[in-house]
Structure formats: C-alpha cells, structure tokens
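Quick notes on the structure that follows.
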Amino acid sequence: MARVGILTSGGDCPGLNAVIRSVVRRGERRWGDQLFGFYDGWIGVMEGRYQTLDIETMRGYLTRGGTMLGTSREHPWRTEEGREKAHRTLKRLGLDALVLIGGEGSLATAYRAHTEGLISVVGVPKTIDNDIPCTEQSFGFDTAVAIATEAIDRLHTTAESHDRVMVVEVMGRHVGHIATWAGIAGGATVTLVPEYPFDIGVVAEIVRKRHNRGRFASIVVVAEGARPVAGLGMEIKKPEIDRFGHQRLGGVGLVVANELERRTGFETRVTVLGHVQRGGSPSAYDRVLSSRYGVAAIDAVHEGGLGEMVALQKGLITRVPLGAVVGSIKSIDEGLWDVANTLFEARLTD
Ligand code: F6P
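The sequence shown begins at 5 in our numbering and counts up one residue at a time.
See below:
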C-alpha cells in the first residue's frame, strides 16, 4: 500500500479524467493505495488544496473531457517560497509518490521534482499536439485529429458550393502532427507545418494550378506554429508571451488566407478550430490509451518505475526515464510527411 498524489498540469486534454480514474481503480483494487488529487496542478500542492480519490468519486468521469482536478502551468520553482510550500504539503500528507499527467513543460517539472528529491514521480504523456518524445502517442491526439478531420469534411461541402479556398488553422505549436494527420484524413490540398517553413508563392501556385485544371474548393490546413520561409514577403506577427513564458499562438491562418486571396484572386475564408480540438469527450481510442497509461503509471509506483514516464512503443505500454523525455520535441515522421506530400496536390518539400 502506498500514499500517492495525482495532478494534471499544463493545457487540458481529452482523456485526463480517464487516466485519473484508471490510476484510482488500479491503485485501490490491486495495490490498496490511498490516492490524493491535487487541485489546479502544482498550485494545489503549494497551497495544500486536494481531495481524496476513490472508485466512487471517479464514477461517470471516463467519458468527460477536461480535468476534474483543474490544471495550470504554475510550478514550485517560480518563486523561492514555492518549493518550500510544496515540500511542506507533501511531507504533511506523507506521500510516497506523485503521478504527474502533463505535456513537455510539465514533464520537465516532474523530472525536476524527482531529481531534486521533492517527491518521487511517475509521468504520463498528455497533449493533443503529440510532440512528447519516446512515446508513439500521447492521449488526446486521436480525439483532436478526429475533430479537425470532421471540420475539414464539413468545410469541403460548403467550399465546393461556393467555389472557395478554405484555410483551416489547427493546433500544433512546435510540430504538425495534428495538421498532417487531419490533412491526410480530410483530403487537404496542402498542409503547412512548423517543421517545414513554407513559401506562400508555392502554396498560391498549387491552388491556382488546381483551379486551372477545373478543380475547386481547395482546403489548406495550417498548424498554428507554421511559419513562412524568411525573406519572402510574408510576415507573421510575433506572438504574445504569457506569464509562464508560453507563446500565445493563433492567427497564422488568417495571414495565409489573406495572402492566398491576394495572390490568386480566389475567394478565401479561414476557420480557426482553436480549443474546440481540446474540449469534449475523448475518442474511444483515447479512452483506452488513457486507461492503459493510468494502470501502467500506478503499477510503476510499485514496480520500480519511479522517475520514469509511461510510454507507447510498438503498440505496447512500456516505460522510459523522464530524463530521456525532457528537453526535446518529437517532430512529424518523415515517412508520413512523404505520404502526405504524395497525396497533396504538389510537393512542398523535397
Ligand atoms: O500544447 C497543447 C496546446 O493545445 C497547443 O496546441 C496550443 O498551442 C496550446 O496548448 C494552447 O494553450 P492555451 O490553452 O494556454 O492557449
């Protein structure tokens, strides 16, 4: 039996509640653990705000989006007293370990907490962006791709009716996993991703050629972090930075749409999907993946997995050291990018 804390950190994501539920069910049934859920990420640890969790408290949460615990980007190392306050709460509760469910920034705090001896941690990879290394998939990604794909399908029919170009801006700050998957699944004309800066002149040419061949209703999928090649006459405003040093992205789709309309003369509209991609119920796949991650995370607490992150590799759940995860980002697979560019109307990169 162990006393285990759980917190959700960073942006929310479909499947968070399913992970918490799975940790609690496995922890209580298999290990006889006592489980504590901290409110609002690390803030709850610093302020001593938490609730005890058991199977009963988790009823009905499998299908719910968001996080029943609340989340934040705050962490104990931002102020001098933060770490001290977190230490006091963890000591008072006598916790043996913490399951931290978070993205790249949050997993870095997990690693720090573990290596600095604040608390032993097991990480669970969360983000719709799917950019966490050492795991094939983070939960939430499948749901976001399904939402973006459905939006593209819907935009196709209205675009065809009006013979318009539709630009769809999807999330993806450092990487274009959502854009590439949804672009392939939705039959986009072109997809623009952060990994490969784009030349708007080439994009306009692709759209123009397609229309000249009698095709219409082009769909251009743009990841929010996509940027043009420097010096080609298209500027994207520098994003605002929030108090956590986090860039507030969004808006590249509109710049692309305006520029495409100006260069091609075709009526162009933009749809920004934004947080719709993060809200609502997780897909069936994400419910299963979240449940698998939850079981593996609490088992890791008891089976020598402290300081590790649960991960999906070759379809199986395994564990990797947190140290191997922090500090890098998983880009889109070159093979998949090749597939995408083969299917799209023209190659954007060689
Ligand atoms: O990291 C996940 C993510 O959804 C990104 O795709 C997006 O850029 C960011 O979070 C948005 O964060 P916020 O909700 O703080 O605006």
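Even glycine gets a Cβ: it sits at the ideal position worked out from N, Cα and C.
Beta-bridge pairing of residue i - partner residues as DSSP gives them
| i | result |
| --- | --- |
| Ala227 | Val174 |
| Gln141 | The partner list for Gln141 (beta bridge, DSSP) is empty, contrary to what the question assumes. |
| Thr12 | Ile105 |
| Thr322 | Ala315 |
| Val149 | None, per the DSSP bridge assignment. |
| Arg7 | Gln38 |
| Val169 | Thr272 |
Beta-carbon spacing of residue i, residue j below 8 Å
| i | j | result |
| --- | --- | --- |
| Val128 | Ile105 | yes |
| Ile151 | Gly190 | no |
| Asp133 | His181 | yes |
| Ala186 | Val225 | yes |
| Gly169 | Thr275 | Contrary to the premise, residue 169 reads as Val rather than Gly in this sequence. It is not a contact, given that the beta carbons lie outside the stated cut-off. |
| Ala112 | Met50 | no |
| Val207 | Phe348 | no |
| Arg282 | Asp16 | yes |
| Thr71 | Leu20 | yes |
| Glu88 | Trp46 | no |
| Ala6 | Ile188 | no |
| Leu277 | Val174 | yes |
| Ala304 | Val126 | yes |
| Ile333 | Pro18 | no |
| Ala230 | Val280 | no |
| Gly1 | Ile302 | Past the edges of the chain, shown from 5 to 354, lies residue 1, and the structure says nothing about it. |
| Ser295 | Ala22 | yes |
| Glu239 | Arg177 | no |
| Glu263 | Ile204 | yes |
| Thr93 | Gly52 | yes |
Residue span of the alpha helix (DSSP H) that contains residue i, given as start and end
| i | result |
| --- | --- |
| Arg30 | Leu20 to Arg30 |
| Glu88 | Glu84 to Leu97 |
| Leu340 | Glu338 to Leu347 |
| Gly48 | Trp46 to Glu51 |
Start and end residues, beta strand (DSSP E) containing residue i
| i | result |
| --- | --- |
| Glu60 | Counting along the chain, Glu60 falls outside any beta strand (DSSP E), and DSSP gives it neither H nor E. |
| Ala328 | Careful: Ala328 lies outside any beta strand (DSSP E), inside the alpha helix (DSSP H) at Leu326 to Val329. |
| Met313 | Glu312 to Gln317 |
| Leu73 | It is not in any beta strand (DSSP E) - Leu73 carries neither H nor E in the DSSP assignment. |
| Leu39 | Gln38 to Phe42 |
| Pro129 | Val125 to Pro129 |
Rounded straight-line distance, which links the Cα of residue j to that of residue i
| i | j | result |
| --- | --- | --- |
| Arg25 | Thr83 | 32 Å |
| Ala300 | Leu253 | 33 Å |
| Asp37 | Gln251 | 39 Å |
| Lys318 | Leu326 | 19 Å |
| His118 | Glu338 | 34 Å |
| Gly41 | Val256 | 38 Å |
| Gly171 | Leu340 | It is Val, not Gly, that sits at residue 171 in the sequence shown. Approximately 21 Å between the Cα atoms of the pair. |
| Leu102 | Ala114 | 9 Å |
| Ala288 | Gly235 | 44 Å |
| Gly308 | Thr75 | 27 Å |
| Leu66 | Gly144 | 13 Å |
| Leu293 | Arg68 | 15 Å |
| Tyr297 | Arg323 | 10 Å |
| Asp354 | Val8 | Interpretation of Asp354 is limited by its pLDDT of 44, a score under 50 that renders its predicted location unreliable; the figure taken from the coordinates is listed afterwards. Each residue's alpha carbon lies about 50 Å from the other. |
| Val179 | Glu199 | 6 Å |
| His160 | Ala221 | 7 Å |
| Arg158 | Val27 | 37 Å |
| Pro80 | Met313 | 20 Å |
| Glu108 | Leu316 | 16 Å |
| Ile123 | Gly311 | 10 Å |
| Thr12 | Ser285 | 17 Å |
| Gln141 | Ala148 | 12 Å |
| Ala328 | Gly218 | 50 Å |
| Pro201 | Ile59 | 48 Å |
| Gly131 | Lys242 | The sequence given here has Thr at residue 131, not Gly. Whole-angstrom Cα-Cα distance: 24 Å. |
| Asn216 | Glu164 | 15 Å |
| Thr184 | Thr61 | 38 Å |
| Gly64 | Thr268 | 51 Å |
| Glu265 | Arg212 | 10 Å |
| Arg96 | Gly86 | 16 Å |
Residue i CB to nearest heavy atom of ligand 2 below 7 Å
| i | result |
| --- | --- |
| Asp133 | What this structure holds is ligand 1, not ligand 2. |
C-beta neighbour in chain B for residue i, strict 8 Å
| i | result |
| --- | --- |
| Cys138 | Of the chains in the structure shown, none is chain B; there is only one protein chain. |
Open item on the list: For a minimum of 4 consecutive residues, which ranges assigned as the alpha helix (DSSP H) are wholly contained in the segment 219-303?
Closed with: If we require 4 residues or more, the alpha helix (DSSP H) runs fully inside the segment 219-303 come out as 256-268.
Task: Ranges of the alpha helix (DSSP H) found wholly within the segment 180-215, counting only runs of at least 4 - done: Counting only runs of 4+ residues, the alpha helix (DSSP H) found wholly inside the segment 180-215 occupies 181-190, in chain order.
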